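Below you'll find the structure, written out as structure tokens, and then a few comments.
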Amino acid sequence: TTGLAHAQSNAPLRFGVLPAGDLVESRRNWEPLWADVSREIGVPVFAQSVSNYEALAHAIQRREVDVAFLPGKLALDAVSSGQMKVIAEVKRRDGPAEHQAVLITRRTPPLNALDQLLGAPDRWVMARGPNQSVSGFVVPQSQLFLPNGIDMETRFRDVIVGTHQETALAVANGVADVATNNTTDLERFRLQFPVEAGRLQVIWRSQSTPAAQILVRSDMAPSVRRRLRAALTGYGRQPGPAGARQRDILRGLNSSYGYVAADNSALLPVAQLEYDMARQRALSAQWTSAAAKSARLDRIEKDHARLAALLQSEHAPAPAASPTRTP
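Here the sequence shown is numbered in the numbering used here, starting from 68 and rising by one per residue.
Put into structure tokens, the structure is as follows:
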């Protein structure tokens, strides 16, 4: 079978990641890490080019990605479908929230404050991330907009969907009035576009958002998976010049504290966000009857319980069959 052939081979590993800025920059930032990891595990790793959430999700479904660095919703979908397993996640510092979703506007009128936005959302153009983006959609939708009776998909005058860099530029250049973003990508934006960043202000911050995970194909040979996890969790922890060089590479990937071992249960906070969003939508929707509303809420509870049990189980669902991979 395809899975058996993959598990028994030491074929090159194809790495998928969403570009933080552009494809060239993203590849340049990741290549040194994977060059080091490749030497460590004895298996070549090369980048699989993807341009957006949809392209990466399709590549995962078609089994064209063996290793991936995924934000929460994409990781959750990949695990719940049986395609991938979590092996590590970005280590976060202890203490105050390090990575938060934010809303940004221009410093100048007409939109300068959160109450203006919440009071009349239909006046404004929103730039946001795709629905799979945790900081670009899921967190602001579940923590801010739905609790205030606003659905990001329907209540604004117009909506622009793009990367964090694209949404920040849209606001800075007056194409949109407000945008979702996050503290990590906004800091990168300030370095790359200092003039545009000077026009922006943050009007809302979320609670800390879940860390991103590194996942592998669920049928990857256990020996390769163990070596890969060990190489990633040990990265940047060596003493001397080699460790210092690796820590510089990690800083360029906004992973200054490196990676820690993790399993599928690391996605429970993301599942909780999805549950909160689905429940708030159901509670605020207009229903033909109380029975229909109750049935929907019951389905949301059961779906969440089933997903939480899956994430805490060592037994992932079997992946769907896929065409035989050609080396």
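By construction, the Cβ of each residue, glycine as well, lies at the ideal position given by its N, Cα and C atoms. Predicted model only: the values in this text are computed from it and were never measured.
### Task
Using the Cα positions of Val242 and Leu181, report the straight-line distance between them to the nearest angstrom.
Indexing the sequence shown from 1 puts residue 242 at position 175. Indexing the sequence shown from 1 puts residue 181 at position 114. Spanning the two alpha carbons is a distance of roughly 19 angstroms.
### Message
Residues in the same chain with beta-carbon distance under 6 angstroms from Ala387, minus the five sequence neighbours each way, listed in chain order, please.
### Response
On the sequence shown, residue 387 is found 320 positions in, with the first residue counted as 1. Annotation note: pLDDT 47 at Ala387 (below 50); position unreliable, no value reported.
### Task
List the DSSP bridge partners of Val84.
Position 17 of the sequence shown, counting from 1, holds the residue named residue 84. BP columns for Val84 point to Phe136.
### Query
Going by beta carbon distance, what residues of the same chain come within less than 7 angstroms of Ser380, once the five residues before and after it are set aside?
If you number the sequence shown from 1, residue 380 lands on position 313. If we look at Ser380 and ignore the five residues flanking it on each side, it has no Cβ neighbours.
### Classification of Gln274 by the beta-carbon crowding that lies within 10 angstroms, buried from 16 upward
For the purposes of this step, residue 274 is taken as the residue at position 207 of the sequence shown. Burial check for Gln274: the Cβ neighbour count within 10 Å stays below 16, so the residue is exposed.
### Query
Below 8 angstroms, can you find three or more Cβ-Cβ pairs linking the segment 169-186 to the segment 243-252?
In this structure the segment 169-186 lies against the segment 243-252, because at least three pairs of beta carbons, one per stretch, are closer than 8 angstroms.
#### Entry: Residue span of the alpha helix (DSSP H) that contains Met344, given as start and end
Taking the sequence shown and counting its residues from 1, one reaches residue 344 at position 277. Residues Leu335 to Ser351.
### Query
So Thr278 packs on Arg159, CB below 8 angstroms; how close in whole Å?
In the sequence shown, counting from the first residue as 1, residue 278 sits at position 211. In the sequence shown, counting from the first residue as 1, residue 159 sits at position 92. The amino acid at residue 278 is misidentified as Thr; the sequence shows Ala. At roughly 6 angstroms, the Cβ-Cβ gap stays under 8 angstroms, so Ala278 and Arg159 are in contact.
### Message
Please tell me whether Met219 and Gln208 are closer than 9 angstroms, where the distance is taken between their beta carbons.
### Response
The residue given as residue 219 occupies position 152 in the sequence shown. The residue given as residue 208 occupies position 141 in the sequence shown. For the pair Met219 and Gln208, the CB atoms are nearer than the 9 angstroms cut-off.
### Query
From Lys360 to Ala345, what distance separates their C-alpha atoms?
Looking up residue 360 in the sequence shown gives position 293. Looking up residue 345 in the sequence shown gives position 278. If you take the alpha carbons of Lys360 and Ala345, they lie about 12 angstroms apart.
### Query
What residues are listed by DSSP as bridge partners for Glu156?
The count along the sequence shown starts at 1 and reaches residue 156 at position 89. Among the bridge pairs identified by DSSP, Glu156 is matched with Gln280 and Val327.
#### Entry: Environment of Arg255 [buried if 16+ CB atoms lie within 10 Å]
Start at 1 with the first residue of the sequence shown, and residue 255 comes out as number 188. Arg255 should be labelled buried.
### Task
Under the assumption that Leu295 contacts Ile154 (Cβ atoms under 8 angstroms), give the Cβ distance between them as a whole number of angstroms.
One-based indexing of the sequence shown puts residue 295 at position 228. One-based indexing of the sequence shown puts residue 154 at position 87. Right, their Cβ atoms sit about 7 angstroms apart.
### Query
Residues in its own chain within less than 8 angstroms of Phe82 by CB, not counting five upstream and five downstream?
If you number the sequence shown from 1, residue 82 lands on position 15. Trp97, Trp101, Val112, Phe113, Ala114, Gln115, Val132, Asp133, Val134, Ala135 and Phe136.
### Query
In angstroms, rounded to a whole number, what distance separates the CA positions of Pro86 and Arg222?
In the sequence shown, residue 86 corresponds to position 19, counting from 1. In the sequence shown, residue 222 corresponds to position 155, counting from 1. Annotation: Pro86 to Arg222 spans about 29 angstroms, alpha carbon to alpha carbon.
### Query
Which whole-angstrom value describes the C-beta separation of Trp271 and Val205, a residue pair presumed to lie in contact below a C-beta threshold of 8 angstroms?
Position 204 of the sequence shown, counted from the first residue, corresponds to residue 271. Position 138 of the sequence shown, counted from the first residue, corresponds to residue 205. About 15 angstroms; that fails the 8 angstroms criterion.
### Query
So, using beta-carbon positions, are Asn249 and Thr276 closer together than 9 angstroms?
Counting from 1 along the sequence shown, the entry for residue 249 is found at position 182. Counting from 1 along the sequence shown, the entry for residue 276 is found at position 209. Yes; because the gap between Cβ atoms is below 9 angstroms, this pair is in contact.
#### Entry: Residues bridged to Val91 [DSSP beta-bridge criterion]
Taking the sequence shown and counting its residues from 1, the one referred to as residue 91 is at position 24. Answer by DSSP bridge pairing: none, since Val91 is not bridged.
### Query
Do Gly196 and Ser285 have their C-beta atoms closer together than 9 angstroms?
Stepping through the sequence shown from its first residue, residue 196 is reached at position 129. Stepping through the sequence shown from its first residue, residue 285 is reached at position 218. No, the Cβ-Cβ distance between Gly196 and Ser285 is not below 9 angstroms.
### Task
Output yes or no for whether 9 angstroms exceeds the beta carbon distance between Ile217 and Pro188.
Counted from its first residue, the sequence shown places residue 217 at position 150. Counted from its first residue, the sequence shown places residue 188 at position 121. Taking the C-beta atoms as reference points, Pro188 is found nearer than 9 angstroms to Ile217.
### Query
When burial is assigned at 16 or more other CB atoms within 10 Å of the CB, is Gln75 buried or exposed?
Position 8 of the sequence shown, counted from the start, is the residue given in the question as residue 75. Below a pLDDT of 50, predicted positions are generally treated as unreliable, and Gln75, at 46, falls in that range; the measurement from the model is reported next regardless. An exposed status is given to Gln75, since fewer than 16 other beta-carbon atoms sit within 10 Å of its beta-carbon.
#### Entry: Beta-carbon spacing of Ala235, Ala264 below 9 angstroms
The residue given as residue 235 occupies position 168 in the sequence shown. The residue given as residue 264 occupies position 197 in the sequence shown. It is a contact, given that the beta carbons lie within the stated cut-off.
### Message
Counting C-beta neighbours from all protein chains within 10 Å, is the total for Lys369 16 or more, i.e. buried, or is it exposed?
### Response
Position 302 of the sequence shown, counted from the first residue, corresponds to residue 369. It counts as exposed.
### Query
The beta strand (DSSP E) with Arg373 in it runs from where to where?
Within the sequence shown, residue 373 is the residue found at index 306, counting from 1. Not the beta strand (DSSP E): Arg373 falls in the alpha helix (DSSP H), residues Ala357 to Leu378.
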